[in-house]
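Remarks on the structure that follows.
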């Protein structure tokens with residue numbers, strides 16, 4: 191029997207859910223194109239199986255019913271061909287579709303009624319839809335059965351857009367939803383737990399979790415308990431009914447013994463592809479060149495490396511023979527985020543205490559590939575002991591008080607009200623004065639700029655300092671193609687094919703020990719970096735990594 195506290199908590203949670211449902215905030219509703227729906231239905235083995243009494247299908251977040259409508263259409267076609275109509279009781283457990291937003295449920299219901307009207311009476315349809323459509327948050331719903339097939343497009347909602355009380359409960363219930371994991375990670379976890387033995391799950395979803403830090407627990411869960419049957423890269427394709435900033439992938443997972451993965455690389459979905467993928471899934475042999483069979487995708491918490499086999503072999507060779515960049519005396523840092531650049535970024539002549547102003551470089555200042563001289567400064571709210579005492583800086587205190595309301599609304603201020611004026615990240619004056627390599631985040635290629643010690647990087651810039659490597663020489667190695675090779679392997683692409691050059695990916699780069707390099711090679715690397723001579727940088731890099739001709743071609747221009 192639930193306790194009084196549990197009843198109260200459930201009531202409060204329900205109130206929060208209803209408020210969220212009724213709000214106009216983003217619920218991650220991005221709907222799937224019909225050809226993608228058909229591909230997923232076919233490749234997971236549902237085509238022709240919807241009349242089978244053992245078929246039980248779950249759609250965890252049905253939206254406007256793209257998947258459910260297509261499956262009910264297919265069911266009715268099977269009824270027509272078989273010329274035998276199942277009873278309502280026989281079909282009541284065939285589908286379960288959850289949806290938080292009530293208006294979406296009504297839209298889906300209307301579509302299904304129009305399909306079923308040729309086969310069932312109004313009362314029969316009403317009875318069926320009562321079982322099939324459930325207006326609840328799937329992640330909180332009690333689901334008392336297992337399913338042979340689970341299919342859909344789980345919502346994609348950033349953690350900051352989920353009400354705090356609901357987010358905390360999600361994290362309490364789902365162990366994979368750690369760090370900054372988006373809500374779709376929990377949809378994977380709960381859905382996988384509802385698969386019957388031999389059952390299959392097919393989701394189309396952003397591919398970020400396959401490589402990013404927040405996806406590590408989900409990757410481990412799949413590797414330990416399931417088989418990754420199929421991975422379809424949708425890079426540069428358009429599988430949704432609107433444009434999205436991240437690239438999605440179709441991921442099919444089964445509750446079965448390990449038997450390898452069919453990998454499909456960036457090709458348009460059509461009937462011919464469906465036939466080829468079905469053959470590959472059945473026979474476990476590749477057909478055309480864009481399909482491969484891999485046995486090394488899932489590996490505990492480690493990122494899924496799905497690129498060109500030859501490039502992956504080169505990555506593994508380099509990882510076996512060279513140290514991580516931060517093991518060689520280099521450090522990768524993240525530029526400082528403030529939470530309100532309009533307040534914390536000022537001109538060098540701004541009237542506050544000079545000791546609080548640190549020269550700043552932003553991504554806009556290096557967008558051209560060169561460092562544009564900047565007169566901007568970031569306000570430093572720290573000293574050697576920690577947070578400054580504002581009373582000791584009357585000009586700064588007066589300025590901050592003018593903006594206190596805006597600064598206090600930031601998440602960092604709410605979590606530490608006493609220090610309402612602090613920046614999100616600490617600013618380090620000594621790093622501003624240290625020479626460093628600047629790397630802007632979102633780029634189509636790796637851009638590396640040398641700062642002699644003039645600026646502190648702002649957010650969206652990552653930077654490397656070193657007490658061993660000459661930074662001009664390190665720049666030469668990075669721009670040779672080696673840097674992009676590692677980042678491209680471990681990151682995911684965003685809109686227009688741009689890459690994320692984040693710290694977690696830059697730290698994957700492997701380099702030799704500086705002291706282990708020949709003195710002449712060192713001098714030539716320095717020259718290549720200073721002159722941004724990419725052909726020379728590549729030639730020297732291939733030499734120090736001992737790459738053969740074929741491997742040299744793989745690191746690009």
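Residue numbers (our numbering): 191 to 747. The beta carbon of each residue, even a glycine, is placed where N, CA and C say it ideally should be. This structure is a prediction, so every number in the text was calculated from the model and none was measured.
Item                                                                                                                                                                                         : Value
Tell me which same chain residues have a C-beta within less than 7 Å of the C-beta of residue 611, skipping the five on either side of it?                                                   : 571, 580, 590, 597
With a floor of 3 residues, list each beta strand (DSSP E) that falls wholly inside the stretch 503-546, ordered by position along the chain.                                                : 520-524, 535-537
For the stretch 235-249 against the stretch 344-354, are there 3 or more C-beta pairs whose distance is under 8 Å?                                                                           : no
Please work out which residues of its chain come closer than 6 Å, Cβ to Cβ, to residue 336, disregarding the five sequence neighbours upstream and downstream, and give them in chain order. : 384, 386
In three-state terms, what does DSSP make of residue 571?                                                                                                                                    : coil
Taking 8 Å as the threshold (C-beta atoms), are residue 681 and residue 668 in contact?                                                                                                      : no
Name the DSSP bridge partner or partners of residue 342?                                                                                                                                     : 393
Who are the near neighbours of residue 656 in its chain, counting only those whose CB is closer than 6 Å to its CB and skipping five residues on each side?                                  : 519, 520
CA-CA distance, residue 539 and residue 533?                                                                                                                                                 : 15 Å
Using C-beta distances below 8 Å, list every residue in its chain close to residue 298, excluding the 5 sequence neighbours before and after it, in chain order.                             : 252, 253, 254, 255, 258, 259, 287, 289, 323
Ordered along the chain, which non-local residues of its own chain (more than five positions away) have a Cβ less than 6 Å from that of residue 444?                                         : 390, 417, 419
Label residue 728 either buried or exposed according to how many other C-beta atoms from any shown protein chain fall within 10 Å of its C-beta, with 16 as the threshold for buried.        : buried
Count the other CB atoms within 10 Å of the CB of residue 307; is the residue buried (16 or more) or exposed (fewer)?                                                                        : exposed
Is residue 596 helix, strand or coil when you go by DSSP?                                                                                                                                    : helix
For residue 483 and residue 474, which I take to be in contact (beta-carbon distance under 8 Å), what is that distance rounded to the nearest angstrom?                                      : 6 Å
Measuring alpha carbon to alpha carbon, tell me which residue in 319, 292, 293 is nearest residue 304.                                                                                       : 319
Between 246, 622, 522, 555, which has its C-alpha nearest residue 339's C-alpha?                                                                                                             : 246
In chain order, what residues of the same chain have a beta carbon less than 7 Å from the beta carbon of residue 577, not counting five sequence neighbours either side?                     : 571, 609, 612
To which residues does DSSP link residue 404 through a beta bridge?                                                                                                                          : For residue 404, which the question treats as bridged, DSSP gives no partner whatsoever.
What are the residues that DSSP puts in a beta bridge with residue 566?                                                                                                                      : 537
From 248, 529, 664, 658, pick the residue whose C-alpha is nearest to that of residue 722; which is it?                                                                                      : 664
Taking 7 Å as the limit between beta carbons, can you name the residues of its chain near residue 429, skipping five residues before and five after?                                         : Model confidence at residue 429 stands at a pLDDT of 45, short of 50, so the residue's coordinates are unreliable; what they give is reported in the following sentence. 222, 223, 226, 394, 438.
Just how far apart, CA to CA, sit residue 309 and residue 244?                                                                                                                               : 21 Å
Run the CB neighbour count on residue 738, radius 10 Å, all protein chains shown included, and call it buried at 16 or more, exposed below.                                                  : exposed
Excluding the 5 residues preceding and the 5 following residue 478 in the sequence, name in chain order all residues of the same chain whose CB lies nearer than 8 Å to its CB.              : 466
How many Å lie between residue 556 and residue 745 at the Cα?                                                                                                                                : 25 Å
Indicate whether the contact test is met: 3 or more Cβ pairs, each with one atom in the stretch 628-645 and one in the stretch 545-556, closer than 8 Å.                                     : yes
Can you look up residue 416 in the DSSP assignment and give me helix, strand or coil?                                                                                                        : coil
Going by alpha carbons, who is nearest to residue 560 out of 450, 261, 637, 249?                                                                                                             : 637
Assign residue 563 to buried or exposed, taking buried as 16 or more other Cβ atoms, counted over all protein chains shown, within 10 Å of its Cβ.                                           : exposed
Could you spell out the range, first to last residue, of the alpha helix (DSSP H) harbouring residue 379?                                                                                    : 373-383
Whole angstroms is fine: what's the gap from residue 676's alpha carbon to residue 630's?                                                                                                    : 16 Å
Could you work out which residue in 660, 402, 392 is closest to residue 624 when comparing CA atoms only?                                                                                    : 660
Do you know whose CA, among 230, 595, 284, lies nearest residue 424's CA?                                                                                                                    : 230
Near residue 195, what residues of its chain come up, given a Cβ to Cβ distance below 7 Å and the 5 sequence neighbours on each side ignored?                                                : Confidence is the limiting factor: at residue 195 the pLDDT is only 35, short of 50, which leaves the residue's position unreliable, though a coordinate-based value still follows. Nothing meets the Cβ criterion.
Using the rule of at least 16 other Cβ atoms within 10 Å of the residue's Cβ for burial, across every protein chain shown, is residue 272 buried or exposed?                                 : exposed
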